[in-house]
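Each position in the sequence shown, counted from 1, maps to that position plus 251 in our numbering.
Where is the CB? At the ideal position from N, CA and C, for every residue including glycine.
Down below is the structure, laid out as structure tokens.
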Amino acid sequence: MKQKNLVVYYTHSANTRKIAEIINEQVDGTLFEIIPTQPYPAGYDDVVKQAKKEINAGHRPALMSDIDIAAYDVIYVGTPNWWSTMAPPVAAFLEAHDFGGKTVVPFCTHGGGGMAHIQKDVEKLSDGAQVLAGFEIYGSGGSNAASAVEKWLKEVQK
């Protein structure tokens, strides 16, 4: 039986969306964007300030919509690296679901911070899941993004 793949992501500047779309194309999955009910400010300094405040407070924003994850075997979870962890909308999504028996695979885009604490933070919030080694890429990955994703997917799907 073929495994069913779900690629969920939050994006602020479209970098994480680009990587999510590449992953989704390569794993033949369902793509789902996590959207908070209150959008984050567009300006970089404003979003950085708000993100830091929310992360420090453990804030979980309300989300616009949800997806039933029951039918999926593998869930790829994408986030920008905000203050060395996942964006609060991603944490809200993870906390809202039961990942028992699922495989969760984190991925992130960043401006120089790599995966930071994202791997272990996803593990904490994906209770009951097998969490595979995550993927990180600078910005949108440029012209090498698809080949970098393909190489990583070959490693984690072994």
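Distance between beta carbons of residue j and residue i, contact taken as under 8 Å
i	j	result
Tyr261	Thr330	6 Å
Leu376	Glu346	6 Å
Asp324	Thr354	6 Å
Gly362	Gly390	7 Å
Val356	Val407	6 Å
From the options, residue whose alpha carbon lies closest to that of residue i
i	options	result
Asn332	Asp324, Ile320, Gln370 and Val407	Gln370
Asp378	Gly365, Gly352, Ala367 and Glu387	Gly352
Asp349	Ile318, Val298, Arg268 and Ala396	Ile318
Ile410	Met366, Ala338 and Asp372	Outside the shown range of the chain, which is 252 to 409, sits residue 410, and nothing can be said about it.
Trp334	Lys303, His310, Ala343 and Gly309	Lys303
Lys402	Gly390, Ile273, Ile306 and Asp372	Ile273
Lys405	His368, Gln277, Thr336 and Ile306	Gln277
Thr336	Ala271, Ala322 and Phe358	Phe358
Check: residue i C-beta below 7 Å from any heavy atom of the ligand ADP
i	result
Gly329	The ligand ADP is not part of the structure shown, which contains no ligands of any sort.
Simplified DSSP state of residue i, which is helix, strand or coil
i	result
Gln381	strand
Thr281	strand
Tyr291	coil
Pro340	helix
Trp403	helix
Gly329	strand
Ser335	coil
Ala397	helix
Ala265	coil
Ile274	helix
Asp297	helix
Where the beta strand (DSSP E) through residue i begins and ends
i	result
Phe386	Phe386 to Tyr389
Leu257	Asn256 to Tyr260
Pro312	Here Pro312 belongs to no beta strand (DSSP E), and DSSP marks it neither H nor E.
His361	Thr354 to His361
Residue range of the alpha helix (DSSP H) that includes residue i
i	result
Gln370	Ile369 to Leu376
Cβ pair count under 8 Å reaching 3, the segment 283 to 292 against the segment 377 to 393: no
Sufficient close CB pairs (3 or more, under 8 Å) joining the segment 321 to 329 to the segment 253 to 269: Yes: at least three Cβ pairs fall under 8 Å.
Three CB pairs or more closer than 8 Å across the segment 304 to 322 and the segment 278 to 288: yes
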